[in-house]
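Numbering (mature numbering (1 follows the signal peptide of the UniProt record, and there is no 0)), first residue to last: -25 to -1, 1 to 738.
Here is the structure we will look at, set down as structure tokens.
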């Protein structure tokens, strides 16, 4: 009897990025005007219709772009545009784009050419090809694709290839891809005098097929490189940073999305660098801000003081439900709402996970001006005010200057007066921190000033609770008032925190200190149009956090760096001790990299132990969507009901099980899931088929010619036939062994085979 064949014919639409060989396009010298550039408006024009003043003509730019990357015949030129004051580097550029839109798919190629010297400064291309199926694993991995990137750099920028080094900062967090549409990013940092630049580099992007799909040229040949003579030694730099850095105790709200019935974040005590600046001048030893300007730490008070030393004598605002009319009356009393303004919108937002009190939101409009007021629905306090006036953003002409009626200091006092009006009962609990409010470099040129006032509890700043005020320098009026404040927050006692000395030691354990060239663009943003000055370079020592794959903070009580998501101390990449030489080592390591399989503190995975149903679901979810944050955001709210009685919201598998239920991978009609029971091959086969959306096919009667010797023991024969014929779970000696328990190593291999096959099939 002739066997029935399984025929799967499904159309998969996934983006495919491909490229073709390129021609050299590096110019010998990149010229830039070292003088102050006129603050002419950025201009972009349809270059086909207008003549522009540029050394490289439109036709030359198109030819350069075509020589840099081959444009297939089925692509059409979509646009050519010219732009001055192009960021970064204040260049004038030509931007050329080609598109493809055919029955075979879509595509785009974009090339940016320096209009002064013809250097190609960026290239990006992508293709969405309907009829191509991405292979998994990709043809090229990170190491093999790196050779292509290096050769491309040698071909396109030969004069630079020998003065760069590959940035391997994040290499420890590099993970193999989970799909065939992989892109690998390589940043080749500029190196002078054996010191790498912070922001001068050439980057190359290579896809999983070995094609170059991205290129970015960030290089200025004209900038003056300071000599290294007079640099302090590495040891002296480390001592300088450790001795002079101020460690600060602060309150930090942690939203870890673990189950909390009150829907509130947890306030923790944390230590942090008070100034939070990452550089010191390698010659003077002075701390520098992000723009490379020296910071005199002695100019800042050691202790933050509240705006008022005493608690107010007046009682707190009444706590009652405000009506819509009452909220409108309060807004009109507090603000000058023009008589001709129309109340366009009224919204009422009740208490939710992120807002701890009800709010009335009121929107007025008069002409082109909008006035937005938010009123606390219980206390009547103003929580937000914003005046959207088009004149705020009206650019000045070349001969115009800002006519200020208040300077920076006067505006600050007006901001404090605003708090006295809108938050009189909180003045004793807010502070103005000059570090978080650096004075603008050219305050006399600014049309408005923005100030933040942070919450202060027992002299400790609360990082994410504050009030902000924006003052117009031309009228002195308040443009904006905003309050981020949790009146229900509970602040832990400081009696159990580790010492500042111990905290500083732990802090530096998670940082490296390395010499760098800091590239400073020198752009003045204080005016309505940015003014570009000659860039400069400083040699610095850079305080850089070691690469992390999650958000972390220094817990002041534990005295350790901990995960914001879990609250548990972080640990470096664990050296797994019991998978080397295992037949399924590659598959095991892949799932370990994506945290789909846990490694214990001893570095053991125990690959020959049987996996549980909970582990199976976790593996499936994390290989199909490897973002743990997604599960916490969508499935870990305190009021989410549990589908199964034995997988409640405090279970480590809760988010993964609920996600699987939502995707239809688990039968939610059953009252229990039994997460701790071991998994059989038949159960795993059923989940694999459901995930591939082939369940309906598996249930078609008599579609499959089942020849397994143990077919009478298989309940879902179609599922077994599919995973067998696809090679995901092949039979052994013609026995499918449906009741056999699945080990961790065998399960990892099944999921690895699943990744190879899933891209070929869609719903």
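Even glycine gets a Cβ: it sits at the ideal position worked out from N, Cα and C.
From the DSSP output, in three-state form, read off residue i for me.
i           : result
residue 194 : coil
residue 24  : Only weak support is given to the placement of residue 24: the predicted model assigns it a pLDDT of 44, under 50, and the question is left unresolved by the model.
residue 172 : strand
residue 652 : coil
residue 693 : helix
residue 544 : strand
residue 739 : Absent from the structure is residue 739, since the part of the chain shown begins at -25 and ends at 738.
residue 94  : coil
residue -18 : Interpretation of residue -18 is limited by its pLDDT of 35, a score under 50 that renders its predicted location unreliable; no figure is taken from the coordinates.
residue 517 : strand
residue 206 : coil
residue 466 : coil
residue 280 : coil
residue 705 : coil
residue 573 : coil
residue 460 : coil
residue 111 : coil
residue 261 : coil
residue 411 : coil
residue -23 : With a pLDDT of 39 at residue -23, under the threshold of 50, the predicted position of this residue should be treated as unreliable, though the coordinate-derived value follows. Note: residue -23 maps to coil in three-state DSSP.
residue 479 : helix
residue 223 : strand
Pull up the CB-CB distance for residue i and residue j, whole angstroms please, since I reckon it's below 8 Å.
i           : j           : result
residue 287 : residue 399 : 6 Å
residue 531 : residue 481 : Rounded, the Cβ-Cβ distance is 10 Å, inconsistent with contact.
residue 640 : residue 666 : 6 Å
residue 141 : residue 163 : 6 Å
residue 242 : residue 467 : 7 Å
residue 656 : residue 713 : 6 Å
residue 91  : residue 29  : 7 Å
residue 589 : residue 628 : 4 Å
residue 757 : residue 675 : Because residue 757 is not part of the residues shown, which for the chain are -25 to 738, the question remains open.
What are the residues that DSSP puts in a beta bridge with residue i?
i           : result
residue 725 : DSSP, once it has assigned bridges, lists no residue as partnering residue 725.
residue 454 : In DSSP, residue 454 forms no bridge with anything.
residue 615 : Paired residue(s): none; residue 615 is not in a bridge.
residue 435 : 432
residue 189 : 99 and 180
residue 123 : Residue 123 pairs with nothing; no bridge assigned.
residue 442 : 428 and 458
residue 362 : 346
residue 54  : 72
Can the beta-carbon of residue i be found less than 9 Å from the beta-carbon of residue j?
i           : j           : result
residue 394 : residue 402 : yes
residue 188 : residue 99  : yes
residue 727 : residue 479 : no
residue 333 : residue 296 : yes
residue 245 : residue 438 : yes
residue 339 : residue 319 : yes
residue 198 : residue 580 : no
residue 485 : residue 520 : yes
residue 408 : residue 436 : yes
residue 574 : residue 631 : no
residue 74  : residue 83  : yes
residue 200 : residue 516 : no
residue 702 : residue 108 : no
residue 587 : residue 654 : yes
residue 684 : residue 651 : no
residue 299 : residue 323 : yes
residue 155 : residue 110 : yes
residue 406 : residue 279 : yes
residue 93  : residue 177 : no
residue 559 : residue 724 : yes
residue 746 : residue 139 : As shown, the chain starts at -25 and ends at 738. That puts residue 746 outside it, with no answer to give.
residue 602 : residue 578 : no
residue 263 : residue 252 : yes
residue 454 : residue 419 : no
residue 148 : residue 522 : yes
residue 124 : residue 159 : yes
residue 256 : residue 514 : yes
residue 326 : residue 192 : no
residue 426 : residue 396 : no
residue 362 : residue 351 : no
Mind checking whether the beta-carbon of residue i lies closer than 8 Å to any heavy atom of the ligand PLP?
i           : result
residue 580 : The ligand content of the structure shown is nil, which means the ligand PLP is not present either.
Next on the checklist: My parser needs the alpha helix (DSSP H) runs of 4 or more residues fully inside the stretch 293 to 318; what are they?
Outcome noted: Uninterrupted alpha helix (DSSP H) stretches at least 4 residues long and entirely within the stretch 293 to 318 occur at 299 to 309, given in chain order.
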